[in-house]
Amino acid sequence: MNAVLHSKWFPFVALFLSNIFMTFAWYRHLKFKDHQSLGAAIFASWGLAFWEYCIAVPANRFGFEHFSLYQLKIAQEIITLIVFAGFAFFYFQTRPQWNHLAAFACLIGAVGFTFLPSK
Numbered sequence: 234m235n236a237v238l239h240s241k242w243f244p245f246v247a248l249f250l251s252n253i254f255m256t257f258a259w260y261r262h263l264k265f266k267d268h269q270s271l272g273a274a275i276f277a278s279w280g281l282a283f284w285e286y287c288i289a290v291p292a293n294r295f296g297f298e299h300f301s302l303y304q305l306k307i308a309q310e311i312i313t314l315i316v317f318a319g320f321a322f323f324y325f326q327t328r329p330q331w332n333h334l335a336a337f338a339c340l341i342g343a344v345g346f347t348f349l350p351s352k
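For the sequence shown, this note's numbering assigns the number 234 to the initial residue and increments by one for each residue that follows.
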């Protein structure tokens with residue numbers, strides 16, 4: 234198990250899982266806004282966010298052994314967008330428009346630039 238935590242892939246898999254929790258915490262309640270009070274939505278979101286933090290903190294801690302702080306953050310952002318796009322498509326049955334896809338392509342470019350050698 235220790236070798237898994239210290240692998241280069243662990244942070245990305247863990248960030249992907251943590252983002253699933255966070256996306257549900259931030260956006261799930263929008264589907265139930267007519268049936269759920271704001272206070273209940275906040276409480277439920279905090280419950281989900283707890284699990285997100287339990288996964289994201291180790292992902293960043295062990296990821297920092299192999300990647301810079303900037304690399305971790307920008308990778309996390311692209312993972313967030315991938316998870317969000319899947320969530321929006323499957324949970325809310327919405328499709329991205331051309332401008333959303335163009336913005337997504339720009340962010341993928343940002344990830345590419347982040348992982349280029351700096352010297």
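Every residue gets a Cβ at the ideal spot worked out from N, C-alpha and C, and that includes glycine.
Each residue's CA atom was taken as its position, placing Val-316 and Ile-253 some 6 Å apart.
Taking a cut-off of 8 Å on C-beta distances, the segment 274-294 touches the segment 242-257, as three or more cross pairs fall below it. Taking the Cα positions, Gly-280 is about 43 Å away from Lys-352.
Using a Cβ distance threshold of 8 Å, His-262 and Ala-274 count as a contacting pair. When C-alpha distances from Val-237 are compared across Phe-295, Gly-319, Gly-345, Thr-347, the shortest belongs to Phe-295.
A check of alpha carbon separations from Pro-244 across Ser-270, Gln-330, Phe-297 identifies Phe-297 as the nearest. Under the 10 Å beta carbon count, Phe-300 is surrounded by 16 or more other beta carbons and is classified as buried. Here Leu-314 is near Leu-340, since their CB atoms are less than 8 Å apart.
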